[in-house]
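Residue numbers (my numbering): 87 to 775.
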């Protein structure tokens, strides 16, 4: 099955870098910096130092014009690097959105007025369609807008949305009735009811979210932004008070002079949390991009952040924890019957069974049987029916059946047979172990039991162990009876399970956890899942699910893979980890800059501050310039980390905090000491050339 590959980009893709540079220059407009107050103040500082430089050239000043010019240049570069980081991340999203736009063409829709008169239609532009309109879509037609199939069945190519070239079935009256605008019918015809307003289709929302055009700041991001503004305001007040205090001290001591405007601006920029302020928008946008790489579309930034805070996962057993198709793993004969007799009867009763279970029985017989078993001529096959709950075959006057234990027992008794004494124990043993027993008979004789087992997905137990280390509770939801559910839950390693679950049970369970203060995530695809999806904090709907399920969810999995919920939670936590790590690094970063710039700015008035020059920086001018240069250069150096995210490590929040504090806190404190010293050495060497 071929898969369309969405564009993958290197961190600094040449085409994206060029576009980001142009956009970053445009963002130097003060009006576009309103959303980032920290960088707005840095840019104002750049304007003031530029004016000061020009004045210093025309009129003599207390500091060399070259120093003012260099400070001004690096302040402008600080703002440019910040805008560049955001533009680069936005550019990646826009490039990915371009691949989606290829499927958005001007489509002519065949509008009808009644499902009974599908052959009579009028052609209208898809943009004229409204919610509730009926549309006929025939072979080769593009589906004009999001809708729900109300009549017919068709093969639909959804490669434009999911990237999968294999067609899928869409039909009325089931859980596969939702269709998406921009996909097209490759066989048969259907009538759909439009469920989206023009310009607000699923594809429109996908493009808007991928581009970042409608990415609202998450609560965590807003809270961090408020903290940055508060810190910036504090430093602004501190720096603003330095000049009068320093002037008073200089007048009283008669030595030195107060710091100039350029030095004060440089001091403020180095004290302010510029690094995280520059990278904060990148982290959120890059998180959306990483989700898109997984073929997942988040319909709100809040949903991604909530995924990072999730501590309870509700997971359907079938298709998420298990493969979904039960597999035959063992033939268990009853007392008095041979294993060979049971295998032969199992094969003959399953040879025409086209279900996954029937195929697995035939496959197991071929793997285990010592001789070939052939199906006699003129064999009449007995299909499974909901009434009899058995299937099998009549071969040369002998009837071979397999089915539920009670159904086979009833059939054997009707034929005058007896029930083996050990049958109940064998059936109960399989059910207790989490399997499904299928009893096999030949005429009026029960031969034994086939053990059908729900096969766990590879690595799923290890994933649950990782989630437990992170403090996330896993709950398996299943329609199985309590015995079977308990066995599978124990084998999979989930923390809890809900057996014989009905739609209302899921909703009540979510509310119970939320009332206890938990953040709950779940997946769903059917109409009956919609209430629970709407209640969950993180609701992941399958793209092949019903329209109500997709409308109730805040995240859509285009691959319709229920296990993707685990990856979504990991990405959500990675975003929070990245934001926390870079914030820690940024704050720790400022400590070294204090030792560089504060002594340099106030040394003339307070000679005792020389003791703080532990880096041994050459002169006050090179010290200040080195701190400002490092402050600017660290932003582009951290862009790859902001885009990629810190490495995901499954661990409790307390250990994660300690890990970030040691790695990024200590690293953020050491790196500036090394970087500023190296820049100072280079500047000193240039001066002496």
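Glycine residues also receive a C-beta, built at the ideal position from the N, C-alpha and C atoms.
What you are looking at is a predicted structure, and each value in this text was computed from that prediction instead of being measured.
Practice problem: Could you check which residue in 313, 401 and 351 has the C-alpha nearest to that of residue 328? | Solution: Taking only the C-alpha atoms, the option nearest residue 328 is 351.
Self-check item: Residue interval of the beta strand (DSSP E) (run including residue 257)
Solution: 254–257
Self-check item: residue 499 burial status per 10 Å Cβ neighbour count (16 or more: buried)
Solution: exposed
Quiz item: residue 243 by DSSP, collapsed to three states: which one?
Solution: strand
Quiz prompt | Nearest-angstrom Cα separation, counted from residue 395 out to residue 605 | solution = So the two alpha carbons sit approximately 7 Å from each other.
Quiz prompt | C-alpha gap between residue 133 and residue 140, whole angstroms | solution = 11 Å
Practice problem: Would you mind stating whether residue 540 and residue 574 have Cβ atoms separated by less than 8 Å? | Solution: yes
Practice problem: Could you check what DSSP says for residue 121 in three-state terms: helix, strand or coil? | Solution: coil
Quiz item: How is the beta strand (DSSP E) around residue 413 delimited, first residue to last?
Solution: Residues 413–419.
Quiz item: Span of the beta strand (DSSP E) holding residue 523?
Solution: Segment 521–528, the beta strand (DSSP E) holding residue 523.
Self-check item: Opening and closing residue of the alpha helix (DSSP H) in which residue 731 lies
Solution: Looking at the DSSP string, residue 731 is not in any alpha helix (DSSP H), and its letter there is neither H nor E.
Practice problem: Please report how far the alpha carbon of residue 635 lies from the alpha carbon of residue 618, in whole angstroms. | Solution: 9 Å
Practice problem: Go to residue 828, then tell me how far its beta strand (DSSP E) extends in each direction, as first and last residue. | Solution: The shown model of the chain, from 87 to 775, leaves out residue 828, and the question about it has no answer.
Practice problem: Measure the CB-CB distance between residue 710 and residue 687 and report whether it falls below 8 Å. | Solution: yes
Practice problem: Work out the CA separation of residue 174 and residue 257 for me, nearest whole Å. | Solution: Between the alpha carbons of residue 257 and residue 174 lies a gap of roughly 42 Å.
Quiz item: What residue range is occupied by the uninterrupted alpha helix (DSSP H) comprising residue 757?
Solution: 753–773
Practice problem: Measure the C-alpha to C-alpha separation of residue 492 and residue 467 and round it to an integer number of angstroms. | Solution: Spanning the two alpha carbons is a distance of roughly 21 Å.
Quiz item: Below 8 Å between beta carbons: does that hold for residue 106 and residue 166?
Solution: no
Exercise. Tell me, please, whether the segment 337–352 touches the segment 111–118 by the rule of three or more beta-carbon pairs shorter than 8 Å.
Key: no
Practice problem: Could you tell me the boundaries of the beta strand (DSSP E) in which residue 76 lies? | Solution: No answer is possible for residue 76: the residues shown for the chain start at 87 and end at 775.
Self-check item: Residue of 380, 361 and 336 minimising C-alpha distance to residue 311
Solution: 361
Self-check item: Three-way DSSP call (helix, strand, coil) for residue 312 in this model
Solution: helix
Quiz item: DSSP state of residue 177, grouped into three classes?
Solution: helix
Exercise. Within the same chain, show all residues whose beta-carbon is closer than 6 Å to that of residue 384, passing over the 5 residues directly before and after it, in chain order.
Key: 377, 390 and 641
Quiz item: Of the residues 265, 277 and 366, which one's Cα is nearest the Cα of residue 306?
Solution: Checking every option, the nearest Cα to that of residue 306 belongs to 366.
Practice problem: Within the same chain, show all residues whose beta-carbon is closer than 6 Å to that of residue 549, passing over the 5 residues directly before and after it, in chain order. | Solution: 652
Quiz item: Hey, is the segment 711–718 in contact with the segment 676–690, meaning 3+ C-beta pairs nearer than 8 Å?
Solution: Between the segment 711–718 and the segment 676–690, the count of C-beta pairs closer than 8 Å reaches three or more; the two stretches touch.
Quiz item: Looking at C-alpha atoms only, which residue of 233, 270, 220 and 199 is the closest neighbour of residue 241?
Solution: 270
Practice problem: Compute the distance between the beta-carbons of residue 44 and residue 151, then report whether it is under 8 Å. | Solution: Here the chain covers residues 87 to 775 and nothing more, so residue 44 does not appear.
Practice problem: Quick one: which unbroken alpha helix (DSSP H) runs of 4-plus residues sit fully inside the segment 597–653? Chain order, please. | Solution: 616–621 and 633–638
Self-check item: Own chain, CB closer than 6 Å to residue 433, minus 5 neighbours either side, in chain order
Solution: 451 and 459
Quiz item: Under a three-way DSSP split, which group does residue 722 fall into?
Solution: helix
Quiz item: Would DSSP call residue 109 helix, strand or coil?
Solution: helix
Quiz item: Taking just the CA atoms, how far does residue 700 sit from residue 649?
Solution: 53 Å
Self-check item: Backbone secondary structure at residue 338 - three-state DSSP
Solution: helix
Quiz item: Considering only residues of the same chain and omitting the five flanking positions on each side of residue 230, which have a CB-CB separation below 7 Å?
Solution: 193, 195, 212, 215, 221 and 267
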